[in-house]
Amino acid sequence: MKRSQGFTLIETMIVMTIVVVLAALAYPGYQDFIIKARRAEAQAVLLELMQKQERYYTQHNSYLAFSADAGSPEQAHFKWWSSGSAKSSAYELRGQPCPGQTITRCIVIEAIPGTDRVDSTFRDGDCKTLALSSGGEHTASGAAAGCWP
């Protein structure tokens, strides 16, 4: 009696079940990795923009507010997205005066996750909005600890 070669339906179903279980276990870790990588990218851009703001301050004796709605050519020097292009970015960036102060004295740059102008599907539920002030204060609007290294 000759047995045919190949896999039975039961063997194939067992392998498929194992693959699905492994994927279900790996996917949350992958999502967490992506969120942390995009957060680190936003932190690096915030630091870069603050350096540009400090250079601007030394030349003009004032910081410069900026956002996606920037109207002046000077504001165009400060990009309002965190990645290579606006649509692929996870965070929208904006610079505004520190609360209770003028723009000539202090600026805070914020990275806001998943707005309509950037990747609106991105969410950072742990840290939410990241902020860096010209006084060196690193903050996050979320409740999680460890949002800044």
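Okay, so the sequence shown: first residue is 271 according to my numbering, each after it adds one.
Glycine included, C-beta positions come from ideal geometry on N, C-alpha and C.
I need the boundaries of the alpha helix (DSSP H) containing residue i, first residue and last residue.
i       : result
Ala-296 : 279 to 330
Could you pull out every residue in the same chain whose Cβ sits closer than 6 Å to the Cβ of residue i, ignoring the five residues on either side in sequence?
i       : result
Gly-384 : Ser-390, Phe-392, Arg-393
Ser-353 : Ser-359
Trp-351 : Ser-359, Val-388
Pro-414 : Here residue 414 turns out to be Ala, not Pro, going by the sequence shown. Asp-396, Cys-397, listed in sequence order.
Using 10 angstroms around the beta-carbon of residue i, count the other beta-carbons present and answer buried if the total reaches 16, otherwise exposed.
i       : result
Ser-299 : Checking the sequence, you will find Gly at residue 299 rather than Ser. Gly-299 should be labelled exposed.
Ala-360 : buried
Gln-313 : buried
Phe-277 : exposed
Glu-380 : buried
Val-378 : buried
Ala-296 : exposed
Ile-304 : exposed
Val-234 : Missing from the structure shown is residue 234; the chain here goes from 271 to 419 and no further.
Apart from the five residues on each side of it in sequence, which residues of its chain come closer than 8 Å, Cβ to Cβ, to residue i?
i       : result
Asp-339 : none
Which whole-angstrom value describes the C-beta separation of residue i and residue j, a residue pair presumed to lie in contact below a C-beta threshold of 8 Å?
i       : j       : result
Phe-336 : Gln-345 : 4 Å
Ser-332 : Thr-374 : 4 Å
Phe-348 : Leu-319 : 6 Å
Can you name the start and end residues of the beta strand (DSSP E) that residue i belongs to?
i       : result
Ser-403 : 400 to 403
Arg-364 : 361 to 367
Ala-381 : 377 to 383
Ala-410 : 408 to 410
Could you name the residues of the same chain whose beta carbon sits closer than 7 Å to that of residue i, not counting the 5 residues immediately before and after it, in chain order?
i       : result
Arg-387 : Ala-338, Ala-356, Glu-362
Cys-368 : Cys-376, Ile-377, Val-378, Ser-403
- Query: Below 8 Å, can you find three or more Cβ-Cβ pairs linking the region 400 to 408 to the region 319 to 329?
  - Reply: Yes: at least three Cβ pairs fall under 8 Å.
- Message: Would the region 279 to 289 count as touching the region 361 to 371 if we require 3 or more Cβ pairs under 8 Å?
- Response: No, the region 279 to 289 does not touch the region 361 to 371.
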